[in-house]
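A short worksheet on the structure shown next.
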Amino acid sequence: DAEITQSPRHKITETGRQVTLACHQTWNHNNMFWYRQDLGHGLRLIHYSYGVHDTNKGEVSDGYSVSRSNTEDLPLTLESAASSQTSVYFCASSESSQLGGEQYFGPGTRLTVT
Amino acid sequence: GEDVEQSLFLSVREGDSSVINCTYTDSSSTYLYWYKQEPGAGLQLLTYIFSNMDMKQDQRLTVLLNKKDKHLSLRIADTQTGDSAIYFCAEKITDSWGKLQFGAGTQVVVTP
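From first to last, the protein sequence lines stand for chains A and B. Going by our numbering, the first sequence opens with residue 1, and the numbers climb by one from there. Going by our numbering, the second sequence opens with residue 1, and the numbers climb by one from there.
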């Protein structure tokens with residue numbers, strides 16, 4: 001069965017360190033998204049990609065970067081982790097469509113920056 | 001960006017109906033979604049409605065769409081303890097190839 005996975009599921013890191021969160025999907029979807037979830041804010045879009053070598057900034061992209069070298073993976077990098085980046089991060093994927101766009105979510109990564 | 005608004009909390013007795021409300025801002029949005037998030041898990045699509053529909057029923061779930069007021073609601077009949085979760089409404093962003101705008105989520109607590 002197709003799925004979307006994230007690793008690690010939990011991560012504790014120190015302020016200033018570079019951290020990379022992995023996202024892998026086997027749906028063969030063109031679209032991939034990274035969100036963060038914080039209490040009271042719901043899901044906020046960090047970065048997204050509509051295909052290989054395509055990346056776009058979302059509403060809260062400062063301090064984060066992504067790259068898309070193949071269809072299956074969209075790793076999220078925190079260049080220099082800050083305490084404000086403590087959050088739960090979700091990756092999602094969807095087919096590329098002007099009409100619909102159901103997104104399939106991974107299980108999330110809980111990141112703590114100390 | 002556009003804001004999708006939901007109330008943050010709903011408490012309901014087991015067996016009663018739950019109604020979760022949402023207002024959205026993009027009147028051109030073609031699809032509106034309801035997602036469910038159980039503790040420690042990702043979001044799962046619960047149901048969706050196309051903008052040319054007023055109502056959609058799927059077993060215990062009823063979605064009502066009022067396009068004039070940009071209001072979306074989700075009714076869960078005969079609410080069970082397993083329905084305790086966070087429910088997110090989302091709208092597809094017009095002219096995007098799949099971007100969604102999510103609300104902040106409504107925490108539903110079902111009491112025995």
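Cβ coordinates follow ideal geometry from the N, Cα and C atoms, glycine included.
Item	Value
Candidates Gln-107(B), Thr-111(B), Thr-79(B) and Met-53(B), of which the one nearest His-71(B) by Cα	Met-53(B)
Gly-42(A) (DSSP reduced to helix, strand or coil)	strand
Contact the stretch 5-19 of chain B vs the stretch 75-94 of chain B: 3+ CB pairs below 8 Å	yes
Through-space distance from Val-110(B) to Val-122(A), alpha-carbon basis	Given a span of 1 to 114 for chain A in the structure shown, any question on residue 122(A) remains unanswerable.
Within chain B, partners of Asn-31(A) - CB distance below 8 Å	Trp-97 and Gly-98
Beta-carbon gap between Ala-92(A) and Thr-15(A) smaller than 9 Å	no
Buried versus exposed, by CB contacts within 10 Å (16 or more), Gly-82(B)	exposed
Three CB pairs or more closer than 8 Å across the stretch 57-67 of chain B and the stretch 100-110 of chain B	no
Listed by chain order, chain A residues near Gly-15(B) by CB distance under 7 Å	Going along chain A, no residue has its Cβ under 7 Å from Gly-15(B), so there is no contact; the nearest lies around 29 Å.
Beta-carbon neighbours of His-53(A), restricted to chain B and to distances below 9 Å	Result: empty, since nearest Cβ-Cβ is about 15 Å, beyond 9 Å.
Within chain A, the residues that Ala-104(B) reaches when beta carbons sit closer than 8 Å	Gly-40, His-41 and Gly-42
Backbone CA spacing between Arg-17(A) and Gly-106(A) [nearest angstrom]	24 Å
Bridge-paired residues (DSSP) for Trp-34(A)	His-47(A) and Cys-91(A)
Whole-angstrom C-beta distance between Leu-43(A) and Asp-9(B), which should lie under 8 Å	Residue identity check: residue 9(B) is Phe in the sequence provided, not Asp. Between Leu-43(A) and Phe-9(B) the Cβ distance is about 18 Å, and since that is not below 8 Å, they are no contact.
Residue span of the beta strand (DSSP E) that contains Asp-54(A), given as start and end	54-57
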